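Shown next, in structure tokens, is the structure this report addresses.
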């Protein structure tokens, strides 16, 4: 794990916008949705259980390492100009759209909707009722 953490630290030191983004997350808990029981939460991101810490049987060492790095970077971080934080805030807002979260749109809007199919089965509503985006726009990859 220390080799991976060192690699992440070097990447963050060399790529300012990524380190800024990590610092900008403030105290958000970071979890790695991976089936790896040491590195991740033990659940793939496309499972309901991935967003419910009570079900995690992984150690999430990857997420914990990123949070340690974030704390280390926060101690010495300063914004280089008046607009740098605004640029990161915008990029953070754009990237949040692509974070995998199982959210039932009806629930989010406060509408109660009951489906006959899938209630009571593992996985909730038979794989429906969530939002996700599968690809990042090219502008975010650069």
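Residue numbers (the UniProt record's numbering): 1 to 142. By construction, the Cβ of each residue, glycine as well, lies at the ideal position given by its N, Cα and C atoms. Bear in mind that the values here come from a model prediction, so they are computed numbers and not experimental data.
Around the beta carbon of residue 87, fewer than 16 other beta carbons lie within 10 angstroms, which makes this residue exposed. Around residue 66, the same chain offers 30 as residues with beta carbons nearer than 6 Å, after the five sequence neighbours per side are excluded. Counting C-beta pairs closer than 8 Å gives three or more between the region 2-14 and the region 68-75, which meets the contact rule.
If you compare the alpha carbons of 16, 56, 4, 90 with that of residue 37, the shortest gap goes to 56. Restricting attention to 94, 79, 44, 58, the CA atom closest to the CA of residue 19 is found in 79.
Collapsing the DSSP output to three states places residue 67 in a helix.
Closest by C-alpha distance to residue 90, out of 4, 73, 33, 24, is 24. Scanning 1, 2, 28, 14 for the CA closest to the CA of residue 96 turns up 28. Rounded to whole angstroms, the gap between the alpha carbons of residue 14 and residue 2 is 18 Å. Per the C-alpha coordinates, the member of 21, 26, 50, 22 positioned closest to residue 35 is 50. Judged by DSSP secondary structure, residue 24 falls within the alpha helix (DSSP H) whose first and last residues are 16-24. Its chain contains 18, 19, 22, 69, 73 as the residues whose beta carbon lies nearer than 7 Å to that of residue 12, once the 5 sequence neighbours on both sides are disregarded; these appear in chain order.
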